[in-house]
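Residue numbers (the working numbering), protein chains in the order written: chain H, 80 to 386; chain C, 947 to 1601; chain Z, 14 to 490; chain F, 6 to 218.
Quick reminder that beta carbons are idealized off the backbone N, C-alpha and C, glycines included.
Here is the structure we will look at.
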Amino acid sequence: MPIVHSVIHVGLVLVLPPLLLGVINKTKALFAGRVGPPWLQAYYDLLKLLRKGSVFSRTTTWVFRAGPVVALVTGLFAALLLPLGGHAAPFGFEGDFVVLVYALGLGRFFTVAAALDTGSAFEGMGGAREVTFSCLAEPALFLGLLVLARASGSLSLGGMLGPEVLGAWASDGAPLAAVLVSLMVVLLVENSRIPFDDPNTHLELTMIHEVMVLDHGGPALGLIHYAAAVKLFVFAALVVGVAVPLGTADPWLAWLGFTAALLALAVVVGVIESIMARLRLLQVPTLLVAACLLSAFGIVLLAREWT
Amino acid sequence: MSEWLVVAAIVLAGASGVAGLLGGRGGAAGERIAALAMFAAGGCGLVAGFAGLLGGEPGLLQAAWPVPGGRFALQVDPLSALFVVQISLIAPLGSLYGLGYWAQRDHPENGARLRAFYGLVVAGMLLLVVARNAVLFLVGWELMALAAFLTITTEDEQRAVREAGYLYLVATRFGTLCLFAMFGLLFAASGTLEFEGWSRAMRSPLADAVFVLALLGFGLKAGVMPLHVWLPGAHANAPSHVSALMSGVLIKMGIYGLARITSLYALPPPWWGHALVGLGVVSAVLGVAFALGQHDLKRLLAYHSVENIGIICIGLGVALLGRSLGRDDLVALGLAGALLHTWNHGLFKALLFLSAGSVLHATGTRDLDRLGGLSRQMPSTALAFLVGAVAICGLPPLNGLVSELLVYLGLFRLVGGESGRAWLAGALAAPALALVGALAIACFVKAFGTVFLGAPRSRATVGAHEAGASMLAPMGVLAACCFGIGLGAPLVVPLLGPAVASWSGAPLAVPLGQLAPLRSVAVASASILAACALLGAWLAARTRRAAGAVGTWDCGYAAPGPRMQYSSSSFADTLVRLFSWALRPEASELRLREAFPPPAAFRSHVPDTVLDRVLLPGFRAADRVLGWLRLLQRGSVHLYLLYVVATVVALLLWR
Amino acid sequence: MAIALVLVPLLFASIAFAVPSGRWRPWLLPVGAAAHLALTVAAVQAGEVSALDGWLRIDPLSRLLLPLLSLLFFVCSLYAPGYLALRPERKNRVFCTALFGFLAMMSLITVSHHLGLMWVALEATTLASAPLLYFNHNARSVEATWKYLLIGAVGIALALLGSFFLAYAALVPGLETSLLFEDLVRQAPQLSRPWLRAAFVLLFVGYGTKMGLAPMHTWKPDAYGEAPGLVGALLAGGLTTCAFLALLRFYQICSAAGEAAFARELLVTMGIVSMAVAAVFMARQRDFKRMLAYSSVEHMGILVLGIGIGGAATFGALFHVINNALAKGVMFLSAANIHRAYGSKTTDAVAGALRRVPASGALFLVGFFAVTGSPPFAPFLSEFTILRATIDAGRYGVAAGFLVLLFAVFVGMGATVLAVVQGEPPGDVRETGFHDRVGTVAPIVVLLALVILFGVYVPSGMSAALWDAARFVEARP
Amino acid sequence: MSSAVDSLLVVVLLLNFMLLGTSRLGAAINGSALQGVILGVLTVFVHGSFGARPLLVGVAAAGIKGLLIPGLLHRALRDAAIRREIEPFVGYVPSLLLGAVATGAALLFTSELPLAHGHADSLLIPSSLATALVGFILLTTRRKAITQVVGYLVLENGIFIMGLTLHEAMPLLVELGVLLDLLVAIFVIGIVIDHIHREFASLDVTRLEALKE
């Protein structure tokens, strides 16, 4: 039976991500009172881009082409490590959360390198910001993982986001709530959502992610969009894993429940983007440090009973 | 048997340079003989090292040595073997690199001298790693230190090199004096200067003092944060293959020393583990923060050595905590992580320094803001630097991830299983390690980007040409090793088993293979690599018919100049400002008052806080105070006679 | 045998005085020194022999120090002809005669067991070294000689007063007074305590002045600074060793009388004071010959500290006497070459010695590593032995002070030595036509070879002599 | 016998004060010469018998301290052609006071120490210490090189007095050695003074302060 679940897992990872973007845009449109782009617009963009020809600048080298490739591969690999909807991850092992974070790091390394390769001031600016904010996001993520590891007593993502979390919510709900909020903040930062970065702005000075991919075009841009979607899927699965600990009573019901929770999270992200404006760049670090302190507070709460 | 091989290696390495000296000034023959001798030494060392690692009970080669307190005792136990292997791998590669980088014909006056002392440094290191007697250890230690000083100051006509050399010499001497005191205390506690005699010494109250002195002496050589002051200057000003040897292997002698001394303690007090983890965290975070602010490529790499030493100290700290809490798994994970990171850092840091060396050799400058776009002229060096950069940040396909994973697992197990205050160290260190990982990525993207990618920022890179074969070969070997350990982790990590066992004194309860997911990491790295290759091939095929060469689109900006690219300081500006409480960056203020302001230049610089804000002012103040004491010698005979009489009277009254 | 050791150099002194030509006289030095060395070897083989009814005796201490002094003088005498050939403008008649006189008196000191006779010999060395100091015949060397003579003479006078106090200490309980070493050691337990302690204080200050211990060291930087390197090596290696031997004699008497605790406390304190003063004056020192003088003050402090700690430290101190003499020889002679090459002694005019006079510059740098106690060299072994014994004796404060001061000295000395050795020779330095010749470099290499040899392999004969001497100093006869 | 010794020692102490008080160099040299002669006589008196040894030592001491050394110093004085000691550091009256304090201290010091049976009440030990201290005062306060040499001579005389009490300890050879050393010392110092005079055209020692940190 587990083979089927692994196939479904891979299928979901490959198919679902662009849909999340569609739901987010639809929610924002609903809030703004407009009709908004169709649900499957992201898929159409991808197919269009894959068919287009591409233009490369004189100053770029092979690193420029490697950026999108590595970003997508690492995103997909990270998705394989995550247990979706209570089912064991196809490739789980003890300490896999480190490999996940550092795989995303590899993706970030090559994306920023590709940006710097064009030799333009704007890409450099995007790269600098991307790297700076991720420096603050990773400690928050790790503090969260520490709390999960301590609460679930396991050192693998399968254990941390698995059924034990349900029991953990009962015994020490407060720390898990704090971790959930900080993971949400990390999701918004890493995927350049509104409070930290505006995905569809056209003013280079305000962008982070968009400005890094200014010079990409054609299939390479397609890969980048798809990789961004997969990354959003990974972080969403992480948040859902903590927020909605699904029992494994009935595997099929678990899959449906997980997909529903995912889409609900997309709606939540859409709502957040509609009601908040983009923060000034200098404010972002303070909010990220606040996320770190939140999950650190989670640990202190957890520690209260053993010392 | 392996002891004799190490002796052969020591003699060969020591003598390798002498041939060069005899070869006369133009002696190209001397160069090659030196390199050959170093390779032979490396060969012997590798055989001895692996024999020591895999072999069973280590033999003890000893002979009488008619020196007070001295005994010629050598032993290649697994812990020493590990360092012998590292020395024997990197030293020959460095010397091969030296053939191209510091050819005798380009540097007739100091080429032979550099090779002679390079050989002596290697000999000193090999000797101290297998020495089992305090006096022999100190002879090896100082031979290494002095020879390293003489290699650093090869180009001593430049003022900066002299200053860096003097700072290194003074710092090394301070470390050596701490070791004198430590060995004195160990002698007082146990009555002997032999290493194996000391395990009894450890219950005495002097144990804490011995540990502090070991931390000072060995920490200074390793470059732990507050004691790292000599490291950036020395690495930046030394010839690149010497910097590679120093940051790859020489600072690891400090780690070997710490490991050896802490291995003597059956039940170390917990504060030792906390101290080491604390120092490790400080060194790691501030090390990489300082690296971010640097403009000089080799200083940047030097600060990264401080960061990686911090990671190794965290691993060692976890091992110590494991031993004081009685948790064998923590000991195994922590120590294996630390020792593997010692190997890994030796490999990728040497690779980075060698590639930085070929950049310096080609362009003549280390200043990041005058480089750029070098990957077109120097593709192989760019690839080597990229492999080194990816490895040092601990990113998947390469070896950095394996050792950091072991340390992470140690920390998480510390937090997971422990009650009481011990988990605090883990809770602090794990996120700090994550922060360091992210900062490392920021720093190395900046370094790689500003040097190799984008457009050249000044005319320095015009004449740049790819490095010669003798410079690329070592880089190739090191890169292959990085991939080897990264993908072959399940084969390499178990090698550390005996070393961990010999450190903790008891055989490992759970073999390393089970403790850490080595096979999974290897599979993960391989799969990522394969997937990237496949997708890359597809994208390359798909975009083969790319349109003609066009300038960067850059949102249609009319005339982007190369100077507008992000330079090293602007890229790291926000992060440097975040860490400004520690870095204290200095920048030239731009006050534009009048309507048409004159042309102004902006210069920012991150001084070494510990050195420039604490030590130098301290020494200057001490110098002023001493200034007045010097008035005692004012030259008048009467005064001097008065001193004599005063001494007589004082001593008579004091009686 | 012992008398010959003193008379042969005096004979050579008179020959040197008689020889008319200035060119051939310097070659007498190596011949005389070789003769003396041969005599010494024979005397040491002959074992415990005494002459002049006990006045001259070769005991373990002299069996240790006599070969050292003779060897040092022999090497310096090999250096002398090469050096004097460079200075044709200076007459060397008085210089050679005084050198031989100096050797004679040093030999007398090491073998004399009558403390009065030893005093006379030491006073004679002071007078013999006066013309040596004044070799450069300029205003500064006159001033240096005047200070050296005056402070030396006053110091020696105090030592004489101390000797009389010691003899008087035997008179008080009605014993038969004598300044013979054996008698004093036999009567030691009955000597009256206050006189003995007063005597030791005076003797310590007196012979301390000759050794150059702080605060009586003030003449040293001026004297060594202005004297030719050759004389500096002999004074720093030879004279201080003799004064230290004299001090050892009285320390033996004191410890035989049961006053060891008082003497040790005094020695340790003054040792640390000397090292501190040396460290203070070594920082930012621009004249590298004065720097060597302060280094000699520091090493005297180490010797006295070693004796003060006792036990293995006594062995360390005696071993350090040898290492210090040899290492100082290397430093002073190479400093002399560098001084000749640049015609100046201060770091403002002297730089890049490694490029200008490669052999002497390299020897100067390696000598610096040796003198500051770096492991592959001999001084490290003795200093480490002293440190070990200090910590073993539980005196952590003294050990910490010892290490801190070693570091301070290293910092100060390092700055000066590296400024001299490294960098580019300044463009405007006038061409003095001096370059390294075998005559002026080979002797230094011999000394350095010895320093390295003793750092790696201590010959069995020497270590046996060292242990005998250490037991002799410590033992209660 | 001891009364004669004490009276001579009183003369020595008086000479000390004369030396401290005088500003004329010639008088200082003659004062120290007189002191030397008295010491020669004292050697015989203290020994009690007119044996060959004390007589020889006495005559040698008187000869060297009384005649040879003052002759050398007068010759040096004549070459330097200076007569008067300019204002010393401490001034003459304070020097005298210091001399008095020194003598008092010597007396106090010896009273504290256990003396041999013969010397309990005699002035020998206190006068030797007093003379030595006066010698020191002269050395450390006078500017002229020649006065410093006189100070050194007085110091030697003080020590010589101390030597008188230990006739067995100091065999003849050593006694003569000490005197010979003193003579050679003054001879060498004379040469150096001559060179100082030629180099600095004056004997003011404060001029010699080029060598300092």
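Cβ-Cβ distance between residue i and residue j below 8 Å
i: residue 1145/C; j: residue 1025/C; result: no
i: residue 216/Z; j: residue 172/Z; result: yes
i: residue 191/H; j: residue 210/H; result: yes
i: residue 892/C; j: residue 1086/C; result: With chain C covering 947 to 1601 only, the question about residue 892/C has no answer from this structure.
i: residue 143/Z; j: residue 237/Z; result: no
i: residue 166/Z; j: residue 190/F; result: yes
i: residue 144/F; j: residue 153/F; result: yes
i: residue 1029/C; j: residue 1244/C; result: no
i: residue 296/H; j: residue 133/H; result: yes
i: residue 28/Z; j: residue 41/Z; result: yes
Rounded Cβ spacing between residue i and residue j (contact assumed at less than 8 Å)
i: residue 463/Z; j: residue 339/Z; result: 5 Å
i: residue 123/Z; j: residue 82/Z; result: 7 Å
i: residue 1207/C; j: residue 1156/C; result: 7 Å
i: residue 1619/C; j: residue 1223/C; result: Since the displayed chain C opens at 947 and closes at 1601, residue 1619/C lies outside it and no answer follows.
According to DSSP, residues forming a beta bridge with residue i
i: residue 1550/C; result: 1533/C
i: residue 152/F; result: Paired residue(s): none; residue 152/F is not in a bridge.
i: residue 209/F; result: 149/F
i: residue 69/Z; result: 64/Z, 125/Z
i: residue 1133/C; result: Residue 1133/C is not bridged to any residue.
i: residue 176/Z; result: None; residue 176/Z has no bridge partner.
i: residue 1019/C; result: 1008/C
Closer than 7 Å at the beta carbon, the chain B residues around residue i
i: residue 205/Z; result: Looking at the structure shown, chain B is missing, and the protein chains on hand are H, C, Z and F.
For this session: Count the C-beta pairs between the stretch 327-346 of chain Z and the stretch 262-277 of chain Z that are closer than 8 Å, then say yes if the count reaches three, no if not.
Result: No contact exists between the stretch 327-346 of chain Z and the stretch 262-277 of chain Z.
Exercise. Does the stretch 1402-1416 of chain C come close enough to the stretch 1316-1328 of chain C that 3 or more CB-CB pairs lie under 8 Å?
Worked result: The answer is yes - the stretch 1402-1416 of chain C touches the stretch 1316-1328 of chain C, with three or more Cβ pairs under 8 Å.
Exercise. Are three or more beta carbon pairs between the stretch 228-237 of chain H and the stretch 155-171 of chain H nearer than 8 Å?
Worked result: Yes, they touch.
Exercise. Between the stretch 1332-1341 of chain C and the stretch 1352-1362 of chain C, do at least 3 Cβ pairs fall closer than 8 Å?
Worked result: Contact annotation: the stretch 1332-1341 of chain C does not touch the stretch 1352-1362 of chain C, with fewer than three C-beta pairs closer than 8 Å.
Exercise. Would you say the stretch 1046-1060 of chain C touches the stretch 1108-1117 of chain C, given that touching needs at least three Cβ pairs under 8 Å?
Worked result: Flag = no, the stretch 1046-1060 of chain C and the stretch 1108-1117 of chain C do not touch.
Exercise. Does the pairing of the stretch 1039-1054 of chain C with the stretch 371-379 of chain H give three or more beta-carbon distances under 8 Å?
Worked result: No contact exists between the stretch 1039-1054 of chain C and the stretch 371-379 of chain H.
Exercise. Would you say the stretch 139-150 of chain H touches the stretch 298-317 of chain H, given that touching needs at least three Cβ pairs under 8 Å?
Worked result: Per the Cβ contact rule, the stretch 139-150 of chain H is in contact with the stretch 298-317 of chain H (3 or more Cβ pairs under 8 Å).
Problem set entry | Uninterrupted alpha helix (DSSP H) stretches inside the stretch 125-162 of chain Z (no shorter than 4 residues) | The stretch 125-162 of chain Z contains, as complete alpha helix (DSSP H) runs of 4+ residues, the segments 128-146 (chain order).
Exercise. Between the stretch 1174-1182 of chain C and the stretch 1467-1482 of chain C, are three or more C-beta pairs nearer than 8 Å?
Worked result: With the cut-off at 8 Å, the stretch 1174-1182 of chain C and the stretch 1467-1482 of chain C do not touch.
Problem set entry | Complete runs of the alpha helix (DSSP H) confined to the stretch 1069-1130 of chain C [at least 4 residues] | Listed in chain order, the complete alpha helix (DSSP H) runs (minimum 4 residues) inside the stretch 1069-1130 of chain C are 1080-1098.
For this session: Write down every uninterrupted run of the alpha helix (DSSP H) in the stretch 1211-1282 of chain C whose length is 4 residues or greater and which is fully enclosed by it, in chain order.
Result: Taken in chain order, the complete alpha helix (DSSP H) segments of 4 or more residues contained in the stretch 1211-1282 of chain C are 1216-1238, 1243-1271.
Problem set entry | Start-end ranges of the alpha helix (DSSP H) lying completely within the stretch 1461-1531 of chain C, minimum 4 residues | Scanning the stretch 1461-1531 of chain C for uninterrupted alpha helix (DSSP H) segments of 4 residues or longer gives 1464-1488, 1514-1517, 1519-1524, 1526-1529, listed from N- to C-terminal end.
Problem set entry | Length at least 4, wholly inside the stretch 408-445 of chain Z: the alpha helix (DSSP H) runs in chain order | Runs found: 409-434.
Problem set entry | contact_flag[the stretch 150-166 of chain H, the stretch 1470-1479 of chain C] where n(CB pairs < 8 Å) is 3 or more | Verdict: yes, contact present.
Problem set entry | Three-pair Cβ contact test at 8 Å for the stretch 1385-1393 of chain C versus the stretch 210-227 of chain H | In the pairwise beta carbon analysis, the stretch 1385-1393 of chain C is classified as touching the stretch 210-227 of chain H: at least three pairs are separated by under 8 Å.
Exercise. Going along the chain, which unbroken runs of the alpha helix (DSSP H) with 4 or more residues stay wholly within the stretch 46-133 of chain F?
Worked result: Segments of the alpha helix (DSSP H) lying fully in the stretch 46-133 of chain F: 57-66, 74-85, 97-117.
Exercise. Should the stretch 125-133 of chain Z be regarded as contacting the stretch 170-190 of chain Z, the criterion being three or more beta carbon pairs within less than 8 Å?
Worked result: Between the stretch 125-133 of chain Z and the stretch 170-190 of chain Z, the count of C-beta pairs closer than 8 Å reaches three or more; the two stretches touch.
Exercise. Counting Cβ pairs, one atom from each stretch, are 3 or more of them under 8 Å apart for the stretch 1254-1263 of chain C and the stretch 1554-1565 of chain C?
Worked result: Result no; under three Cβ-Cβ pairs closer than 8 Å.
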